[in-house]
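Counting from 1, position 108 in the sequence shown corresponds to residue 109 in the numbering used here; the numbering is continuous, with no gaps. Glycine residues also receive a C-beta, built at the ideal position from the N, C-alpha and C atoms. From a predicted model like this one, the values you see are computed outputs, not experimental measurements.
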Amino acid sequence: MPRWMPQAKERLRDAAIELSAERGYENVTVTDITERAGLTRRTYSRYFTDKRDAFFAGMEQLAAAVGAAAVEADESLGPWDAAVVALRTVGDQLVQFVPTAELRRQVIRTSPELQECERTKAALVAGSLAEALRGRGAPAPLAGVLAEVGVIAFHAAFDRWLDDPEGAAYAERFDAVVAELTQALDS
């Protein structure tokens with residue numbers, strides 16, 4: 002077997018998701034994943050720490066990207082608007098790189114272990130966003146609330162996009178969620 006396999010990380014991630022969809026997450030081993038991907042356990046260990054990690058690869062980059070986008074948002078924007086711009090921008094970029102997102106969502110919905118991990122990873126995104134908002138001058142408690150609400154809106158828009166990826170773009174879905182949220186809070 003060659004020492005370097007093209008797109009090994011993506012192949013391992015896709016194999017983990019596909020096998021878990023077929024057999025159930027709890028019934029899949031790292032060995033199963035590596036065999037499906039045509040790679041070794043050693044290669045798996047280069048990219049992922051455990052079986053769950055294949056489902057959440059890149060979440061640290063997502064958190065950093067959201068925080069950076071909030072920092073880079075127009076200085077005249079208030080904290081909520083900066084959060085909205087950051088989450089819309091990063092979400093719109095993210096949907097271009099999620100070929101197995103619907104299958105991944107289905108597997109996560111059937112696994113309490115993966116649901117817990119997803120909440121933990123979402124907290125990383127919210128933490129990064131809150132830190133960026135504090136850096137823009139928002140008081141810490143407000144920054145935390147806005148970041149949490151923003152991440153919830155981000156996930157709601159992503160779910161709507163997954164329900165109909167051929168329909169409206171992610172950014173439009175996100176804007177609709179934010180508008181609904183704003184209207185509900187103004188009532």
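- Query: residue 108 to residue 97, Cα distance in whole Å?
  - Reply: 20 Å
- Item | Proximal residues to residue 89 (C-beta, below 6 Å), its chain only, five neighbours per side dropped | 172 and 175
- Task: Rounded to whole angstroms, what's the CA-CA distance from residue 17 to residue 54? Just pull it up for me.
- Result: 10 Å
- Between which two residues does the alpha helix (DSSP H) harbouring residue 171 extend? 171-187
- Please confirm whether residue 133 and residue 68 have their CB atoms less than 7 Å apart. yes
- Starting from residue 72 and walking both ways along the alpha helix (DSSP H), at which residues does that stretch end? 60-73
- Residue burial classification, residue 75 (beta-carbon count within 10 angstroms, cutoff 16): exposed
- Message: Give me the residue from 9, 10 and 36 with the minimum Cα distance to residue 205.
- Response: Only positions 2 to 188 of the chain appear in the structure, and residue 205 is not among them; the question remains open.
- Query: For residue 186, does the count of other Cβ atoms within 10 angstroms reach 16, so buried, or fall short, so exposed?
  - Reply: exposed
- Three or more C-beta pairs below 8 Å linking the segment 176-184 and the segment 138-156: yes
- Using only alpha-carbon positions, find the residue among 162, 12, 154 and 165 that is nearest to residue 86. 154
- Query: What separation, rounded to the nearest whole angstrom, lies between the Cα atoms of residue 114 and residue 168?
  - Reply: 31 Å
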